[in-house]
Amino acid sequence: MIIADRKPLEEILEMIQGSKKILILGCKGCVTVCNVGGVKEVEVLAATLKIARKKEQNDLEIHQKTIERQCDPEYIDQVKDVVGQYDAVLSMACGVGPQFLSEAYPEQKFFPAVNTEFMGGAVTHGIWEERCAGCGTCVIHLFDGMCPIARCSKSLLHGPCGGSAAGKCEIDPDVVCIWDMIVKKKMAQGRLDDLLEIRPFKDWRTARDGGPRKSIREELT
Amino acid sequence: MDALKSGSRLEKVLKAGHFAFTGECGPPKGANVSHLKEKLAHLKGVVDAVNITDNQTAVVRMSSLAASAIMVGENLEPNYQLVCRDRNRLAIMSDILGAYSLGIRNILCLSGDHQKFGNHPEAKNVYDIDSMQLIALVKKMRDEGVFPNGEEIDEPPRLFIGAACNPFADPFEYRVYRLANKIKAGADFIQTQCIYNMDKFREFMKMAVDMGLCEKCYILAGVTPMKSVRMAQYMAAQVPGMDVPEALINRLKAAGKGNYAKEGIKIALEQIEEFKEMEGVAGVHLMAIEWEHRVPEIAEQANVLPRPEV
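Residue numbers (the numbering used here), protein chains in the order written: chain Y, -2 to 218; chain U, 509 to 818.
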């Protein structure tokens, strides 16, 4: 899923500085699962903003709503009766949300209340890690279920680099060297030969480098 | 290894079976050409080629291409370092062609230190291709005279292809295979990471020799003399993939204040002596960081002077 993190309070306060009446709009998709933009987090942000503005003696009227998804016109449609009456709408969805909303309601100002970070999963309660870089050409099977594009700091196809030490990446002792794991698994399972080939250059056209992407499924259009 | 691939001095020295001796020089943090020339002057006639680093540790400096070209003008042979961190395949290929056209004949293909270590950690990195693919790319351009898309190159770049190898990074048991891969990709010579753990390096070289790698490629052992106890401690603790044994730090300490640098050079000289005899080692790459002016005396004491005429 898509992992996001809430923006710092100061940044959100600055975004809505001149606003008197706002809507905080949550999303029941990925951001609910990663505990950043669902019903609960909308409530918390509303309470926090209220207190902060009260301190400034600049009261703020806040409405709250959370819809199924902000990446689908069907659900975006559900807020058509309420948008337009706010000075600002804070979207707590990933970066797709404020864009879909802005496209649907050009007169309303939408602000992102979260920073969209990566595609990943929860490795343990409260900790999420990146697993996919969305390069558009999956090669995970070549590396025993581990993606060096997303998980090697240099996206090396022939690692590990000279900075790999004790299973950790040179950039941070908290970052696992994925190449260390790939190599150890291959060697332990007798597939060293897989690593002894020079791989062709990656075709980045399917990644963001090929320009903004679109997926068309004829049978559904 | 029959006909010359590049005709570089380094290639000729190695091919003739001489023990090669290369140096290193970081370009200035600015456009100070006279300072660069001053540093290079110390190395003239003392080494076979000088590595010109490419924004090493991701700190911005004069481009290695420009510094290498200046070096050619000074009648010194550069070993032009090129990293994948800062440029995509288009820029890499045009830099390779540009380098050759400016008289550069040796290239060292590297992935490059992550920008996190540098003075512009906010930068975007590229890594369109990695060092292994860079080696293969230069080889293809040189030997097949074509770009990766199959288009012909109008006068291919005849470069002597170098690569790096760090026997001290993990996992140790895989390192020799990664070296084998680089040789398979097209590396003509290898320069290793700074060696301090001699036991581990001996073990590594034995594996390389047993696998027949040293017959396919020239391996230059990396040597960096320690200037101080602090430098040794810093390298031991702060540089990932660097292996500085406690015994070496203790030996430096025991030399006493004021003698650290002298002891550091002494250690380096002992290493060089051993490398001269070590099976599979074809030379030494001396990385005297910001110590170019000490290289002549080190070379003198290491008995590698005069450099052979080739």
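We treat Cβ as the ideally placed atom computed from N, Cα and C, and that holds for glycine.
Supposed contact pair residue j and residue i - C-beta distance, whole angstroms, cut 8 Å
i	j	result
Gly694 (chain U)	Val646 (chain U)	7 Å
Gly94 (chain Y)	Cys27 (chain Y)	With 8 Å as the limit, Gly94 (chain Y) and Cys27 (chain Y) do not qualify as a contact, their Cβ atoms being about 10 Å apart.
Ala110 (chain Y)	Lys37 (chain Y)	Ala110 (chain Y) to Lys37 (chain Y), Cβ: 14 Å. No contact.
Val76 (chain Y)	Lys62 (chain Y)	7 Å
Ile806 (chain U)	Leu794 (chain U)	7 Å
Cys725 (chain U)	Asp696 (chain U)	6 Å
Cys158 (chain Y)	Ala147 (chain Y)	The Cβ separation is near 16 Å, so there is no contact.
Unbroken alpha helix (DSSP H) run spanning residue i, endpoints
i	result
Gln746 (chain U)	737 to 746
Ser99 (chain Y)	93 to 101
Arg214 (chain Y)	Careful: Arg214 (chain Y) lies outside any alpha helix (DSSP H) and carries neither H nor E.
Tyr608 (chain U)	597 to 609
Ser576 (chain U)	572 to 581
Ala769 (chain U)	768 to 785
Leu193 (chain Y)	Here Leu193 (chain Y) belongs to no alpha helix (DSSP H), and DSSP marks it neither H nor E.
Interface residues of chain Y facing residue i [CB-CB closer than 7 Å]
i	result
Pro748 (chain U)	Gly160, Ala162, Glu167
Ile637 (chain U)	Phe198
Asn674 (chain U)	Gly159
Gln701 (chain U)	Gly159
His628 (chain U)	None at all; the shortest Cβ gap to chain Y is about 15 Å.
Per DSSP, cross-strand counterpart(s) of residue i
i	result
Tyr726 (chain U)	U:Phe697
Phe115 (chain Y)	Y:Ile0
His60 (chain Y)	Y:Leu20
Ile661 (chain U)	DSSP output for Ile661 (chain U) lists no bridge partner at all.
Gln589 (chain U)	U:Leu616
Ala162 (chain Y)	Y:Lys165
Ser88 (chain Y)	Y:Leu22, Y:Pro109
Leu794 (chain U)	U:Val731
Within 8 Å, strictly: CB atoms of residue i and residue j
i	j	result
Pro804 (chain U)	Ile773 (chain U)	no
Ala566 (chain U)	His622 (chain U)	yes
Phe676 (chain U)	Gln701 (chain U)	yes
Ile661 (chain U)	Gly653 (chain U)	yes
Val568 (chain U)	His526 (chain U)	no
Ala729 (chain U)	Phe655 (chain U)	no
Ile555 (chain U)	Gly531 (chain U)	Before going on, a small fix: residue 555 (chain U) reads as Val here, not Ile. Cβ atoms of Val555 (chain U) and Gly531 (chain U): closer than 8 Å.
Asn614 (chain U)	Ala524 (chain U)	no
Tyr588 (chain U)	Ser571 (chain U)	no
Ser16 (chain Y)	Ala90 (chain Y)	no
Val173 (chain Y)	Gly164 (chain Y)	yes
Cys722 (chain U)	Ile669 (chain U)	no
Gly749 (chain U)	Glu167 (chain Y)	yes
Ile21 (chain Y)	Leu87 (chain Y)	yes
Ile698 (chain U)	Lys690 (chain U)	yes
Cys592 (chain U)	Ile560 (chain U)	no
Met713 (chain U)	Gly626 (chain U)	no
Ile59 (chain Y)	Ile19 (chain Y)	yes
Phe108 (chain Y)	Ile13 (chain Y)	yes
Chain U contact residues for residue i, given Cβ-Cβ distances below 8 Å
i	result
Asp177 (chain Y)	Asp678, Pro679
Met143 (chain Y)	Under the 8 Å cutoff, chain U gives no residues; its nearest Cβ is about 14 Å from Met143 (chain Y).
Delimiting residues of the beta strand (DSSP E) encompassing residue i
i	result
Gln564 (chain U)	No beta strand (DSSP E) holds Gln564 (chain U); DSSP gives it neither H nor E.
Thr530 (chain U)	528 to 533
Cys617 (chain U)	614 to 618
Ile669 (chain U)	668 to 673
Cys129 (chain Y)	124 to 129
Pro109 (chain Y)	107 to 109
Ile622 (chain U)	A small fix is needed here, since residue 622 (chain U) is His in this sequence, not Ile. Note, His622 (chain U): premise wrong, no beta strand (DSSP E); not H, not E.
Contact list for residue i against chain Y, beta-carbon separation under 9 Å
i	result
Ala693 (chain U)	His155, Ile195
Residues that residue i contacts on chain Y, provided the C-beta gap is smaller than 8 Å
i	result
Arg597 (chain U)	Phe198
Ser619 (chain U)	Lys151, Leu153, Cys158
Pro656 (chain U)	Phe198
Partners in chain U for residue i, counting only beta-carbon separations shorter than 7 Å
i	result
Leu189 (chain Y)	Tyr685
Val180 (chain Y)	Pro679, Tyr682
Under 9 Å from the C-beta of residue i: neighbouring residues of chain U
i	result
Leu192 (chain Y)	Tyr682, Tyr685, Arg686, Asn689
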